[in-house]
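Q:
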Amino acid sequence: MNNYNNINVYKKDFYFHIEINRPKQLNALNQDTIKEIGSCLNAFEKNNKGYFGIIISGSGEKSFVAGADITEFTLVNKKNSKKFCQKGHELYNKIENMSVPVIALVNGYALGGGCELAMACHLRIATKNATFSQPEVNLGLIPGYGGTQRLIQIIGKTKGLELMLSAEMISSSIALDLGLVNYVLEDKKQAMDKVLELINIFKRKSPIAIKNVIKSVNSFYDNDVNGFDKEIELFSECCDTNDFKEGALAFIEKRCPNFKGD
Ligand code: COA
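Count along the sequence shown from 1, then add 1373; that gives the number in the working numbering.
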């Protein structure tokens, strides 16, 4: 299944895999790629039954995503810059609000918009050769795809500010120490095995409960919503599902639950 020019989309048995495929540009994100990822995710949400995770990775061994495509920066000016930013925000917010866990498989460079893309995903599994940076100050910019917010949310203000002010490139082991990534594996194959192990775990849970955990956690960062109230609402929503009945019954009957996502 692939009607795209800049991404490969693999629809597997129980998960989706989106591979950004611009290896000559180190998978830098141009506007077309952003559009393609967005439409692929929209298509997924329309027909997501039986899928328990989405993987986002970069093609090749050298780079996850080396940032926004800098060659397109020459087209950005005061007039269109907000729209430019918003397009990235729209996509990354969509990723963050997907109904199934989205996992970034990060090998090589995750710079600028690449680091921001990984941060918009729910989990980040890195390889030993992964490097992370928000280098925008080198270009006279600030992170513009949510980085100033998500880096602080994920690793805190102390180190987050240092990284954004210095544009320092950090290794995956430092990223692990900072809590920027969930795991670091030897190479891409092992990282993929870890990603699939996680999706296999999610597969055995109630899809509605998984979706509502994501929603409830995201509400922590939504200024217009009281996260505790949201949690009560989503908990109550779960109580009205067959999955909840099945989960409780399976426990009592000492067997594995057979969740149907309804
Ligand atoms: N946008 C567009 N093209 C990019 C790119 C980006 N963000 N990052 C790398 N490329 C291109 C390079 O221009 C080069 O193209 P060319 O072969 O046509 O000259 C190709 O990818 C390979 O990159 P190169 O710089 O030759 O590789 P390297 O191993 O020497 O360095 C990096 C790798 C990632 C350190 C370096 O490319 C870099 O600093 N990129 C920009 C990172 C950045 O600032 N990202 C944030 C943008 S907001």
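Cβ coordinates follow ideal geometry from the N, Cα and C atoms, glycine included.
Please name the residue in S1539, G1552, M1542 whose C-alpha comes closest to that of M1492.
A: For the residues S1539, G1552, M1542, the minimum Cα distance to M1492 belongs to G1552.
Q: How big is the Cα-Cα spacing for K1530 and F1624?
A: K1530 and F1624: Cα-Cα distance of roughly 42 angstroms.
Q: For V1473, tell me which candidate among I1528, E1606, L1414, F1425 has the shortest Cα-Cα distance.
A: Answer by Cα proximity: F1425.
Q: Is there at least one non-hydrogen atom of the ligand COA closer than 6 angstroms to the beta-carbon of I1524?
A: Sequence inspection shows Leu at residue 1524; the Ile mentioned does not correspond to that position. L1524 Cβ: outside cutoff for every heavy atom of the ligand COA.
Q: Would DSSP call A1439 helix, strand or coil?
A: The answer is coil: DSSP assigns A1439 none of H, G, I, E or B.
Q: With DSSP run on the structure shown, which of helix, strand or coil describes Y1556?
A: Strand at Y1556.
Q: Between the beta-carbon of S1436 and the beta-carbon of Y1465, is there less than 7 angstroms?
A: For S1436 and Y1465, no; Cβs fall outside 7 angstroms.
Q: Beta-carbon within less than 8 angstroms of M1631's beta-carbon, same chain only, minus the 5 sequence neighbours each way: which residues are those?
A: The residue asked about is misnamed: residue 1631 is Asn in this sequence, not Met. For N1631, where only same-chain residues beyond five positions count, the Cβ hits under 8 angstroms are E1619, A1623.
Q: To the nearest angstrom, how far is it from the Cα of M1542 to the Cα of S1609?
A: Straight-line Cα distance between these residues: approximately 44 angstroms.
Q: Do P1508 and G1485 come within 7 angstroms of each other at the CB atom, strictly closer than that value?
A: A contact, by the Cβ cut-off of 7 angstroms.
Q: Measuring only from the beta carbon, is T1521 closer than 6 angstroms to any heavy atom that is part of the ligand COA?
A: T1521 Cβ: outside cutoff for every heavy atom of the ligand COA.
Q: Please report the distance separating the alpha-carbon of F1387 from that of D1405.
A: If I take the Cα positions, the gap works out to 27 angstroms.
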